[in-house]
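Undergrad:
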Amino acid sequence: MKRKILKVLGISFLFFVVLSWIIPTGTYYNGSLTTNDVDPVGIIDIFTQPVNAFVTFSLYGVVFAVIGGFYGVMEKTGALDKVTDWLHIRFEKRTKLFLAITVIFFAVLSSVTGLILPLFLLVPLFAAVLFKMNYDKVTVLASTVGALLVGSIASTYGFNISGYTKNLLYLEDMNTEIWAKVILLVLLTAALVMVVLFAGRKKKETVEMAAAAEAPVTLEPEVEKVQTKASAKKEEKATVKETKKTTTKSAKKTESKTTAKTTKKTASKTTGSTRGRKPSKKTNTKALAIAHDVKKVSEKKRVSGIPFVVILVLTMIVAILGMYNWYYAFGIDVFNNLYDNIMKVKIGDFPIFEHLFSGSSQFGYWSNVDFIALVIFASMLIAWLYKVKVNDYIEAFIGGVKKWLPTAIYAVLASVIFSVVYQALSSQTGTIVDTINAKIFELSDGFNVVFTGAASLIGSFFFNDLYYLLYDMSSFISGYDATTLPIAGLLVQSVYGVAMLIFPTSVVLIAGLSLFNVSYKQWMKYIWKFALIAFLLVLLVCGILTLL
1 MKRKILKVLG ISFLFFVVLS WIIPTGTYYN GSLTTNDVDP VGIIDIFTQP VNAFVTFSLY
61 GVVFAVIGGF YGVMEKTGAL DKVTDWLHIR FEKRTKLFLA ITVIFFAVLS SVTGLILPLF
121 LLVPLFAAVL FKMNYDKVTV LASTVGALLV GSIASTYGFN ISGYTKNLLY LEDMNTEIWA
181 KVILLVLLTA ALVMVVLFAG RKKKETVEMA AAAEAPVTLE PEVEKVQTKA SAKKEEKATV
241 KETKKTTTKS AKKTESKTTA KTTKKTASKT TGSTRGRKPS KKTNTKALAI AHDVKKVSEK
301 KRVSGIPFVV ILVLTMIVAI LGMYNWYYAF GIDVFNNLYD NIMKVKIGDF PIFEHLFSGS
361 SQFGYWSNVD FIALVIFASM LIAWLYKVKV NDYIEAFIGG VKKWLPTAIY AVLASVIFSV
421 VYQALSSQTG TIVDTINAKI FELSDGFNVV FTGAASLIGS FFFNDLYYLL YDMSSFISGY
481 DATTLPIAGL LVQSVYGVAM LIFPTSVVLI AGLSLFNVSY KQWMKYIWKF ALIAFLLVLL
541 VCGILTLL
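Printed below as a string of structure tokens:
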């Protein structure tokens, strides 16, 4: 399955290579397109550009690898099993309710914060519970990673989405259109209905398929079949024994001994293969760091899940506080002032905290590097609370990283096309994206919802980072009036969210596909109808806004 993801990434890159030989590059500025010659990706570039992508975007991979290490430590403590078992038991008869809560939780948090990568830290926890409820892997992917991307379609207060739109298009307010919330509500409802309906039909997918890559599974119905066959054989032997009345007494004795031995062996084999072996309790643990047998709560040592939950919640709170830009989003400068005051503290004439926390960023300006350090610190703190030895901690963390290593690699490779376009954008040599979009915008005079949406969708394939998509699209839409420009910005950011649900250049999507071992084909069969509805809904809402 992992090779299929690599194949999809390779085909996408080769498609871009072919386009680079056909479409000339161009630069769109001040209402006109400056066309250059073609700038094809050569044979050597086919091999060097993935390396450049690793160098430029390796931090994406490190984020996923560290999350894997975090959950490797969690499984070592036994607290992860304790928490997931508790949730499973509480929602055992209300599995669809938990599925709905999962979708709403991830979508709303993504919409409000815009911090998709940090929120990915919670995905394995919810996924583990859903797998224990026997939901299939595509449903789990849609209800966690899919919900994160759905939230980005209708970003309300996410600075990394709506804030970028405000800054790059010079809008007055980050949340100028209240209709964004309406889009969010409708999309959430549609996503929830879709996931629940599909999950209800596929929920009883066999555990053998879910855990085929981990261990053979013995199901209860199979045990009953074996026992039935064993009892049928016994009855058949008894019938044959009664019909043999013409044999001599010595033959009967010999036959009875042989039959007794055979029956005894058969019974012992049957008992050993069915009654002596318990049905496998292994569940699909693709979302977790290390595959393991899922035990019942009563069979585990007394481990409390409270410290794990507290540390996880605090980690997410600190990550959101640190990575959300409060000042530029709402003008809140509390964290800026607090940071400055702490750094000014001195012992004598020596600024102690300035040196102790040198290199640290103030809340609101944290990057992925700070998030990585935070997750590593959280894993160390949990290991200390659960009295995990240093060597065991290192072994568990490395084991989790290894488990997530393919996910980390594919997440980086998803940015290969963007790496090439980013280099062209930085060197100002022009891109094929400007050439394509210029032709689209020439089809209409002024703002057109359909054409702007189409250009945004095409641009999202090449720019899997919203900031650079908005930067490129701003040359086409920045000339609109003050009434139309916020609608155009909403359209671009919302279409980008839809694109990240379906395009193989989406970092989060590719990471999710790899993590849950879902092929791109499986995902597209599952999600394409919803993605189409979401795209049309975005066009409809933005079209209505232009008429108001």
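Letter by letter, the sequence shown follows residues 1 to 548 in the UniProt record's numbering.
Quick reminder that beta carbons are idealized off the backbone N, C-alpha and C, glycines included.
Do Ile372 and Val63 have their CB atoms nearer than 8 angstroms?
TA: Counting from 1 along the sequence shown, the entry for residue 372 is found at position 372. Counting from 1 along the sequence shown, the entry for residue 63 is found at position 63. Cβ atoms of Ile372 and Val63: closer than 8 angstroms.
Undergrad: Which runs of the alpha helix (DSSP H), 4 residues or longer, sit entirely within the segment 8-56?
TA: None, since the segment 8-56 contains no complete alpha helix (DSSP H) of that length.
Undergrad: Per DSSP, which one or two residues make a beta bridge with Ile347?
TA: The count along the sequence shown starts at 1 and reaches residue 347 at position 347. The partner list for Ile347 (beta bridge, DSSP) reads Phe350.
Undergrad: For Ser12 versus Ile432, is the C-beta distance shorter than 8 angstroms?
TA: Numbered from its first residue, the sequence shown carries residue 12 at position 12. Numbered from its first residue, the sequence shown carries residue 432 at position 432. Cβ distance not < 8 angstroms, so Ser12 and Ile432 don't count as in contact.
Undergrad: Leaving out five residues on either side along the sequence, give the residues of the same chain with a beta carbon under 7 angstroms from the beta carbon of residue 549.
TA: No information on residue 549 is available, as it lies outside the stretch 1 to 548 that the chain covers here.
Undergrad: I need the straight-line Cα distance from Glu354 to Val66, nearest angstrom please.
TA: Your numbering for residue 354 matches position 354 in the sequence shown. Your numbering for residue 66 matches position 66 in the sequence shown. Roughly 28 angstroms separates the two Cα atoms.
Undergrad: Apart from the five residues on each side of it in sequence, which residues of its chain come closer than 7 angstroms, Cβ to Cβ, to Ala143?
TA: Position 143 of the sequence shown, counted from the start, is the residue given in the question as residue 143. A small correction: the amino acid at residue 143 is Ser; Ala does not occupy that position in the sequence shown. For Ser143, where only same-chain residues beyond five positions count, the Cβ hits under 7 angstroms are Leu99, Thr102, Val103, Leu130 and Val195.
Undergrad: Among Leu321, Ser456, Tyr496 and Phe463, which has the Cα closest to the Cα of Ile477?
TA: Within the sequence shown, numbered from 1, the residue matching residue 477 stands at position 477. Measuring from the Cα of Ile477, the nearest candidate turns out to be Ser456.
Undergrad: Can you find the residues in the same chain that come closer than 8 angstroms, C-beta to C-beta, to Trp167, ignoring five residues on each side of it along the sequence?
TA: Here residue 167 is taken as the residue at index 167 of the sequence shown, counted from 1. The amino acid at residue 167 is misidentified as Trp; the sequence shows Asn. Only Tyr328 meet the Cβ criterion.
Undergrad: Is it a yes or a no for the segment 362-381 touching the segment 39-48, going by three-plus beta-carbon pairs under 8 angstroms?
TA: No: the two stretches stay apart, fewer than three of their Cβ pairs being nearer than 8 angstroms.
Undergrad: Enumerate in chain order the residues of its own chain whose CB-to-CB distance from Lys82 is below 6 angstroms, with the five nearest sequence positions on each side excluded.
TA: Within the sequence shown, residue 82 is the residue found at index 82, counting from 1. These residues qualify, in order along the chain: Val303 and Gly305.
Undergrad: From what residue to what residue does the alpha helix (DSSP H) around Gly497 run?
TA: Position 497 of the sequence shown, counting from 1, holds the residue named residue 497. It spans Leu485 to Ile502 - the alpha helix (DSSP H) in which Gly497 sits, taken as one unbroken run.
Undergrad: Taking buried to mean at least 16 other C-beta atoms within 10 Å of its own C-beta, is Thr271 buried or exposed?
TA: The residue given as residue 271 occupies position 271 in the sequence shown. Caution is warranted here: a pLDDT of 41 is assigned to Thr271, below 50, making its placement in the model unreliable, and the coordinate value is therefore given only provisionally. Looking at its Cβ environment, which holds fewer than 16 other Cβ atoms inside 10 Å, Thr271 is exposed.
Undergrad: Name the residue from Leu169, Gly26, Ile409 and Phe15 whose alpha carbon lies nearest to the alpha carbon of Ala482.
TA: Position 482 of the sequence shown, counted from the first residue, corresponds to residue 482. Taking only the C-alpha atoms, the option nearest Ala482 is Leu169.
Undergrad: Could I get the ranges of all uninterrupted alpha helix (DSSP H) runs contained in the segment 86-125, with 4 residues as the minimum, in chain order?
TA: Those alpha helix (DSSP H) runs which fall completely within the segment 86-125 and span 4+ residues are 95-113 and 116-119.
Undergrad: Take the Cβ of Ser494 as the centre, count every other Cβ of all protein chains shown within 10 Å, and call the residue buried at 16 or more, exposed below.
TA: For the purposes of this step, residue 494 is taken as the residue at position 494 of the sequence shown. Buried, by the Cβ-count rule.
Undergrad: Taking the DSSP output, what are the residues bridged to Thr431?
TA: As a working note, residue 431 is residue 431 in the sequence shown. Gly26, per the DSSP bridge assignment.
Undergrad: Extract the residue ranges of the alpha helix (DSSP H) inside the segment 151-197, only unbroken runs of 4 or more that lie entirely within it.
TA: You should have 164-168.
Undergrad: For Leu80, count neighbouring C-beta atoms within 10 Å of its own C-beta (all shown protein chains included) and say buried if the count is 16 or more, exposed if not.
TA: Reading the sequence shown from its first residue, position 80 is the one you call residue 80. Classification of Leu80: buried, given that the 10 Å Cβ count is 16 or more.
Undergrad: Ignore the nearest five residues each way along the sequence and tell me which others in Gly26's own chain have a CB closer than 7 angstroms to its CB.
TA: By 1-based counting over the sequence shown, the position of residue 26 is 26. Closer than 7 angstroms at Cβ, skipping near neighbours: Leu33, Thr34, Thr35, Asn36, Gly430, Asp434, Thr435 and Ala438.
Undergrad: Using the beta-carbon count (16 or more within 10 Å), is Thr113 buried or exposed?
TA: What you label residue 113 is simply residue 113 of the sequence shown in a count that begins at 1. Buried.
Undergrad: Quick one, are the C-beta atoms of Gly489 and Thr165 less than 8 angstroms apart?
TA: Along the sequence shown, read from residue 1 onward, the residue named residue 489 stands at position 489. Along the sequence shown, read from residue 1 onward, the residue named residue 165 stands at position 165. For Gly489 and Thr165, yes; Cβs fall inside 8 angstroms.
Undergrad: What span of residues does the alpha helix (DSSP H) with Ile477 cover, start to end?
TA: Position 477 of the sequence shown holds residue 477. Run containing Ile477: Leu466 to Ile477, per the alpha helix (DSSP H) assignment.
Undergrad: So Ala534 and Val507 are in contact, right, with Cβ under 8 angstroms, and what is the actual spacing, rounded?
TA: Counted from its first residue, the sequence shown places residue 534 at position 534. Counted from its first residue, the sequence shown places residue 507 at position 507. Not really, about 19 angstroms apart at Cβ, beyond 8 angstroms.
Undergrad: Between which residues of its own chain and Tyr520 is the CB-CB distance below 8 angstroms, once the five residues before and five after are set aside?
TA: Reading the sequence shown from its first residue, position 520 is the one you call residue 520. Only Lys4, Ile5, Val8, Pro504 and Leu513 meet the Cβ criterion.
Undergrad: Can you list, in chain order, the residues of its chain with a C-beta nearer than 7 angstroms to that of Asn391? Leave out the 5 residues immediately preceding and following it.
TA: The sequence position of residue 391 within the sequence shown is 391, counting from 1. The answer is none, since no qualifying residue turns up.
Undergrad: Leaving aside the five residues before and after Ala213 along the sequence, list all residues of the same chain whose C-beta is less than 6 angstroms from its C-beta, in chain order.
TA: Here the question's residue 213 lines up with position 213 in the sequence shown. Bear in mind that the predicted position of Ala213 carries a pLDDT of just 47, short of 50, making it unreliable; the figure below should be weighed with that in mind. Closer than 6 angstroms at Cβ, skipping near neighbours: no residue.
Undergrad: Tell whether a beta-carbon distance below 8 angstroms holds between Val369 and Gly68.
TA: Reading the sequence shown from its first residue, position 369 is the one you call residue 369. Reading the sequence shown from its first residue, position 68 is the one you call residue 68. No, these two residues do not count as a Cβ contact at 8 angstroms.
Undergrad: In three-state DSSP terms, what is Tyr339?
TA: The sequence position of residue 339 within the sequence shown is 339, counting from 1. It is helical.
Undergrad: State the start and end residues of the unbroken alpha helix (DSSP H) segment that holds Val412.
TA: Within the sequence shown, numbered from 1, the residue matching residue 412 stands at position 412. That run of the alpha helix (DSSP H) goes Val390 to Leu413.
Undergrad: On a CA-only basis, which of Lys96, Asp136 and Gly331 is nearest Asp173? Give me that one, please.
TA: Position 173 of the sequence shown, counted from the first residue, corresponds to residue 173. Of the candidates Lys96, Asp136 and Gly331, the one whose C-alpha sits nearest the C-alpha of Asp173 is Gly331.
Undergrad: Exposed or buried, Pro118, counting other C-beta atoms within 10 Å across all chains shown (16 or more means buried)?
TA: Here the question's residue 118 lines up with position 118 in the sequence shown. It counts as buried.
Undergrad: Tell whether a beta-carbon distance below 8 angstroms holds between Ala190 and Phe530.
TA: Locating residue 190 in the sequence shown gives position 190, counting from the first residue. Locating residue 530 in the sequence shown gives position 530, counting from the first residue. Cβ atoms of Ala190 and Phe530: closer than 8 angstroms.
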